[in-house]
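Below is one structure, written out as structure tokens; the observations come after it.
There are 2 protein chains.
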Amino acid sequence: MHSTTTLFLVPIRRHGLFKHHLRRLHSKPVIEYPLTHPIYTIWASNTSLGKTLVSAGLSISFLSTTHPKKFIYLKPVQTGFPDDSDSRFVYRKFYEFLAYKPLPFSVLASNHVLRVSVPAGKSLLGTGFVGGSGKGENFGIQNEKGNFFDGFGNVGLYEERKLQGSEIGADEFGSSELVCKTMHGWKEAVSPHLAAEREGAFVGDYELLDTLKRCIGSDLGGKWCDKGELDAMCVIETAGGVASPGPSGSLQCDLYRPFRLPAILVGDGRLGGISGTISAYESLKLRGYDVAAIIFEDHGLMNEVPLLSYFRKRVPVLVLPPVPQDMSDDLINWFDKSHTVFTSLKEIMFSAFVERMQRLHDMPKKACNILWWPFTQHKFVPQENVTVIDSRCGENLAVHKFQSFDLISQQFDACASWWTQGPDAIMQIELARDMGYTAARYGHVMFPENVYEPALELAELLLEGVGKEWASRVYFSDNGSTAIEIALKMAFRKFLFDNKELLDLTNGGMDEKCIDLKVLALRGSYHGDTLGAMEAQAPSPYTGFLQQPWYKGRGLFLDPPTVCMQNGLWKLCLPEKMQTEKFEVEYVSFSSRDEIFKSNRDGSSLAGCYRSFISQALHRNSGGFSHIGALIIEPVIQGAGGMQMIDPLFQRVLVRECQSLKVPVIFDEVFTGFWRLGTESAAELLCCQPDISCFAKLMTGGIIPLAATLASDAIFKAFIGDSKLKALLHGHSYSAHAMGCMAAVKSIKWFKDCTTNINLIGESRLLQELWDSELVCQISLHPAVHRVVALGTLCAIEIKAEGSDVGYASMYASSLVKKLREDGIHMRPLGNVIYVMCGPCTSTQVCSSILVKIFARIQEFSQVNDSATRVVEQSPNSSNDYAESSSLRSDDEYLKSLPPLVHFRPTDGELIVKYLIKKIKKEKLPYDKLEYAL
Amino acid sequence: MHSTTTLFLVPIRRHGLFKHHLRRLHSKPVIEYPLTHPIYTIWASNTSLGKTLVSAGLSISFLSTTHPKKFIYLKPVQTGFPDDSDSRFVYRKFYEFLAYKPLPFSVLASNHVLRVSVPAGKSLLGTGFVGGSGKGENFGIQNEKGNFFDGFGNVGLYEERKLQGSEIGADEFGSSELVCKTMHGWKEAVSPHLAAEREGAFVGDYELLDTLKRCIGSDLGGKWCDKGELDAMCVIETAGGVASPGPSGSLQCDLYRPFRLPAILVGDGRLGGISGTISAYESLKLRGYDVAAIIFEDHGLMNEVPLLSYFRKRVPVLVLPPVPQDMSDDLINWFDKSHTVFTSLKEIMFSAFVERMQRLHDMPKKACNILWWPFTQHKFVPQENVTVIDSRCGENLAVHKFQSFDLISQQFDACASWWTQGPDAIMQIELARDMGYTAARYGHVMFPENVYEPALELAELLLEGVGKEWASRVYFSDNGSTAIEIALKMAFRKFLFDNKELLDLTNGGMDEKCIDLKVLALRGSYHGDTLGAMEAQAPSPYTGFLQQPWYKGRGLFLDPPTVCMQNGLWKLCLPEKMQTEKFEVEYVSFSSRDEIFKSNRDGSSLAGCYRSFISQALHRNSGGFSHIGALIIEPVIQGAGGMQMIDPLFQRVLVRECQSLKVPVIFDEVFTGFWRLGTESAAELLCCQPDISCFAKLMTGGIIPLAATLASDAIFKAFIGDSKLKALLHGHSYSAHAMGCMAAVKSIKWFKDCTTNINLIGESRLLQELWDSELVCQISLHPAVHRVVALGTLCAIEIKAEGSDVGYASMYASSLVKKLREDGIHMRPLGNVIYVMCGPCTSTQVCSSILVKIFARIQEFSQVNDSATRVVEQSPNSSNDYAESSSLRSDDEYLKSLPPLVHFRPTDGELIVKYLIKKIKKEKLPYDKLEYAL
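Listed in order, the protein sequences are those of chains A and B. Count the first sequence with UniProt numbering and you get residues 1 to 934, in order. Count the second sequence with UniProt numbering and you get residues 1 to 934, in order.
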């Protein structure tokens, strides 16, 4: 047996924060791991339950069979170092066991310590840490502060042993390998967050995950990608219990969550251990982990019986023999006795892995065969275009990819899963716990004539928030479309209530169907897919006879004026019919987006022009049996209609006209509500109040469907009477279901609270600008871009196109979208309009990094796309304007001093990168805000 | 200081199982507790963390202030007895502390041990257990087996001390009281389930809760109901950790769940204790508990810092001083030092209690002011009629009541919360964990062109189950109504696809609106509240002009023949139009319900009659622009239409006629699907297959809204083409949301698995008969009853009524329903139809006990109700038929030997009680199946 030990120290250079931020902004998404081999996290329900024994046992069991194989043991966080070193324990037990039971073939075992705190580093000197023949003579700590980064020394402590095989020629195909690594070590044997603080050696969550990713990646990667044979395995051992804090203070179960690696839980065989084991399991489940097996040391209490009963068939439970009090044989006998248990565990881990891989590979085909996706022409979706989503963590999806080998990779959910999403990673975990609680407390309970906390609390929050000063009642339903149908029923009833003469006429014998109640709506608006909601929208691709033969279009549909940014300027675009009117030229463009919303526009001649346009339209449609019984609008932004921003002045004038005529006004805030546009409700942006308002989507934080229709007291009163038949007879079984209400309560509070939502500007109840205005301007200047609308959490970009490339059915942007998926941005275009939608709490840094990537891909797209090139017009503000701005020149030297940027080609990305450097310099972005974001 | 100790033994007589079952069936609902004073459960994250120290500290803190007060300490489960006795510890520490720090007023302290196992009882003899002046001389164990019940002796061990006050006259208003009780003791210091097994002393979950209820009730009850002053307090101390098994093996957090008392969690201040504390907290939350405070002993590790960070503002965290190693002063100093902490804890507990009470009292008023309930005339709902639902546990609601004092009381959710509910208490907890997991793993992710496990697995399960042999695609949406609109769109497209000539004509220039596509449907059917779904139903109270001015009724609506049980017989009722046809008399009634479903009826003359009726109707409506584009039916039972059972032969004939004409057939199984009618789908009962089928409600187990429209391959193919515009452009943001899919996966598997669903008959995929056929027959014989339909989980009873008392808007049954709520049955009538709906796993015993109560109340109702008396007709089978049956006579002696039954007046309930006794005798019902049920 040959053994060498070498130790060396490579102090980390202080690159300064800039580089760190750049790496974060430009590196590929951090969360990515290969699926070439099983990678498991070893958790325990408490400290000292034998996680390391399990790791060691697995390493022996795994490497003792065929060869060559590789077993990787990673210990990201080690306290009590160097006295305690779990990686060293695994390494030593392995070679001690092999000395006792030699293998026919050779194994190269190594132990590597990457970074330790200054006190831990000092302790290394002169300790007996370095076992075997080595004595640590190459080791020296340079403990000048300057040579350490964040209180760590980069201790390249390394020891290895070549364990010679007992059979000649057995190593013909190479030798096996045991790789043990400690990533971070602290001296004190306390919780990592305490050790980090006391020893001044900090590691952020992001940084830790990044190191972990590299440790997994560098040792497995492509080399080990041969499917079929499982010739490698990796275990990551956590510190303490599942919810013990990591070095930053984040609970470890939260810290490692973005990876969502499958788990092995080391349970507790002692008195009280059943409870601890079950609770730890539940904490893991509450973070979305899959637990492949439970294993624990026997203490003679038969804890496996109640555990098996609890786990039923879900999770196997394995029992290890008692660890002897007498450790004189270094546990060799115990490992020998435990061999079959570890072999079972290993096999469970393998088959769970193989099953997962099989499923990941089968899913696209099965999906194509049995699912029926909405809004999808299945003919256009080959199997390889199907995205397999493994999980979500905050704004990011973890998807299965194949890039020369299988991997799980992160993508930003840029369409916010059909505009529903809001939670960041921390909020998601809290929502998950609340969902478990609510399901356990209520499941669902019936609503009418009952009251229960989540429904009442949500109603209170809605009336204090989005319904403030006008709404007095909350009507719950299941989704935006049902909320709209309810709103229409409310509005029509109110209209009939106010126009009793119509009804009396009806009751007097006339056929009531002769009263033709219509809705006043804007062309391009969209209110949902059920028939009643569809009737309130103008004819569109969604309403064709083949789609819905019953659709009539029961409305008077007006063409609205829109606003957008074009070539760096916010501009007004009037519909054709209005262009016949005269108004002053000054209204064509705005000095800023804020100007568009200013209420002093009410006195402008444009406002007058709008008023006369509206009253003429109403006049033309009044009389006879036809009556306008409601106005319905999506305030400010028409979503499905292509992310069109409607001139808020026009909408305000429209609302006022209708209210003066006693036509009830409905705001469809299904898309716009709850900070989607930067304010809690879009009504705030319009500066006027509806009679009825509909909310859904983001209301629950995007976790579960629920809708609310808010109404004023006058609306409610139109339903009061002496018969049940006068009541609003519309309801769904799950009206005000407890889980939806609870999710909404949580979300509304979370978004509104400046301690949880970093984007709130103080007490102003406004979100800060999420989309960097200079970047947005830059994009709008690009010749391939027709218009940009950035407001609140939305940034929409219409790509210039012609003919059939324009509109909903266009596939024009699909190549662009495909490229952006490669960049880790999961988009779904609306024809030739692409958009990014973040959550109300998404950091501006994340938003900027996405815009940068989009800009780069638009550049590329316009270069390769013939038709795009065809429509490029040289705008007065050329795309080089930005480069000319002197404020950026000073950043050149920074740019030069930096390492090459891999993600953007210098040709197209340089200006943007320069710009980002400037931003980073100026803002000194806080470190931890970025951790989950990228 | 005066002290007495008396011990006595009252052996429990073996009454036999019969009496136990009767008590369970007839006693008031077990789950009920007063809200007159704070009652808390003390939990811990592990054993030996000081739960009893906290209890003792609280007792001292509570009783040390003003007086007279009462503190009740309950220990339901004590192992290691009598060496360990926590109630004795609390009792002793209290008087020891008062000896050190006397109070001005007197306190009577007592300790009481109710039941102990035989070995524990034996150990009591000759031990020093009896402290103070007593010596246990009155105590003797009669250890003959016969004197013990379930291995327990009813040890009335009792000790008390009068602690004299230091001030003369301070006791003017009476003295304070400390009551300590151990409910069950076992000798071995192991987990209770092990001790119970080893010592042969078992206590079921139900029995334990019942004893606990009586301990809480007898000591607090009305006497202590004076609100405002909190002059009493009760703590219940659990054993071990939160998820430690109780004596039956149920985890304690599950065992005590029906009470859902607020919790105090004793955390762990040691290394690793942060994790254990958080996990224990999460296990409590996952069972719907509210945790009022965390308290733990300081071990110098500052565990409160990360705990506070985790709990944010949600839960206060309190730290107790370290418990000294040296216990020579019996912890007196420690209690003294901890006094302020315990006072804070007590105040937190008090203010949480007061806040809860305040909220419970305010909720009805707030609900009336701001909620807008569906299908509810608010004018008819005074505040006092609003039910405040505290929680749900399986099929039961826990509601707030006021009956001379405030209490939480259990009600069976007899309307299954609008027909959605399915889970029993165990399934609910598992669903809750799955909901937490799914929210953490996915939240919600977008569906189109994506695939993720819960959506795919659900689709697979649906196609293997309810879609077996005919469906090939699954289209997800949010609720039954949207599922129907999607189904209609599918059917119409298929019809147009098959009748291209119509479409070509259209494309050739004709106005497409001239094709008037109609749906063929049955009168009385109901398919949802959105406009598209409403159009498919015949005019009804839901469709009036005031309700939905856009409703036209785009269908051909046939009057269907119905079947029901009347006067003990299943009868056919033909619609008027059909009665003109001739058919044989033998079809008017059936020998059994099974006969109705028999396929040999297909050859009958009635079938021929149906066929000609249908083809004539279709003939009349064909030609011109009008086309029947789809058939839609609710198979077997029309739910909202008044729980009408349609003759399955008629529906089968109808389906076959349509399919022969290539009219796509839609089954609306929103209500009937997933075992609601005893089979997984109602299509199985009809013995024919649709082209499209809609599911919702019970699909998710009733926890969350989700719907699925299943379609055959031929339907799907009609949407394949070269344009996205040919795709089905209908979708909702939360299409196939992960949580809904996961809940459905869990529920479908649970209901289908005979290890989890006790009602499944072997491998037959049928539910056993849940509604006792003799009881159902008995009810149908009652003169006040018009008809009964009992099938699967549904038992509907139409009360005889006339004129305006009939139909949807009728309030006729409301007094009956009110009375049944007093019996713990929460109903909501459909006009003059009342119904009970249980879950697929509800035990038949529960079903029978409900029917018994309903029978009794109908009897009462018919006696007091004039109009009911008016319509009573003496049917040929009189209501005494049942009493005459000789098979029951033999039970008379049992009846006489039993104690008086409090819940039913002997006058009206006797026969039913006799009947039940017979059932119980015959079936030897297993004990534990009932535990959660009642």
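Even glycine gets a Cβ: it sits at the ideal position worked out from N, Cα and C.
Taking C-beta pairs closer than 8 Å, name the residues in chain A that residue i reaches, listed in chain order.
| i | result |
| --- | --- |
| Glu177 of chain B | Under the 8 Å cutoff, chain A gives no residues; its nearest Cβ is about 33 Å from Glu177 of chain B. |
| Ile720 of chain B | Gln377, His378 and Lys379 |
Would you list the residues sitting across from residue i in a DSSP beta bridge?
| i | result |
| --- | --- |
| Ser117 of chain B | B:Phe152 |
| Pro306 of chain B | BP columns for Pro306 of chain B are empty, so no partner. |
| Glu167 of chain A | Glu167 of chain A is not bridged to any residue. |
Residue i versus chain A: which residues are under 7 Å apart at the beta carbon?
| i | result |
| --- | --- |
| Thr376 of chain B | Pro448, Glu449 and Ala727 |
| Asp478 of chain B | Asp478, Asn479 and Pro705 |
| Thr280 of chain B | Contrary to the premise, residue 280 of chain B reads as Ala rather than Thr in this sequence. What Ala280 of chain B touches in chain A: Ser279. |
| His299 of chain B | Simply none; closest approach about 11 Å. |
What's the C-alpha gap between residue i and residue j?
| i | j | result |
| --- | --- | --- |
| Gly642 of chain A | Ser592 of chain A | 22 Å |
| Cys741 of chain A | Asp326 of chain B | 52 Å |
| Ser733 of chain A | Met837 of chain B | 14 Å |
| Gly803 of chain A | Val788 of chain A | 20 Å |
| Ala440 of chain A | Arg314 of chain B | 18 Å |
| Lys181 of chain B | Pro76 of chain B | 8 Å |
| Ser780 of chain A | Cys688 of chain A | 30 Å |
Under 8 Å between beta-carbons, which chain B residues line up against residue i? List them in chain order, please.
| i | result |
| --- | --- |
| Arg554 of chain A | Trp550 |
| Cys415 of chain A | Met446 |
| residue 939 of chain A | As displayed, chain A neither begins before 1 nor continues past 934, which places residue 939 of chain A out of reach and without an answer. |
With residue i as the anchor, note down where its beta strand (DSSP E) starts and where it stops.
| i | result |
| --- | --- |
| Lys396 of chain A | Correcting the residue type first, residue 396 of chain A is Asn in the shown sequence and not Lys. Unbroken beta strand (DSSP E) run through Asn396 of chain A: Asn396 to Gln403. |
| Cys795 of chain B | Leu794 to Ile799 |
| Asp668 of chain B | Val665 to Asp668 |
List the residues of chain B that residue i touches, going by C-beta distances under 9 Å, in chain order.
| i | result |
| --- | --- |
| Gly731 of chain A | Trp373, Pro374, Phe375, Thr376, Trp418 and Asp529 |
| Tyr256 of chain A | The premise fails here: Tyr256 of chain A is roughly 13 Å from chain B at the closest Cβ pair, so nothing lies under 9 Å. |
Chain B partners of residue i, CB-CB under 7 Å?
| i | result |
| --- | --- |
| Thr672 of chain A | Simply none; closest approach about 13 Å. |
| Gly272 of chain A | Asn46, Thr47, Gly240, Gly241 and Ser244 |
| Ala367 of chain A | Val451 and Leu456 |
| Ser391 of chain A | Arg441 and Tyr442 |
| Arg656 of chain A | The contacting residues do not exist; Arg656 of chain A stays about 25 Å from chain B at best. |
Which residue marks the beginning of the alpha helix (DSSP H) containing residue i, and which one marks its end?
| i | result |
| --- | --- |
| Ile348 of chain A | Ile332 to Ile370 |
| residue 961 of chain B | Shown here, chain B extends from 1 to 934; a query on residue 961 of chain B therefore has no answer. |
| Lys494 of chain B | Gly480 to Asp498 |
Run down chain A in chain order and give the residues with a C-beta less than 9 Å from the C-beta of residue i.
| i | result |
| --- | --- |
| Ala711 of chain B | Trp372 |
Okay, do the segment 403-418 of chain B and the segment 27-46 of chain B touch, 3+ Cβ pairs below 8 Å being the bar? yes
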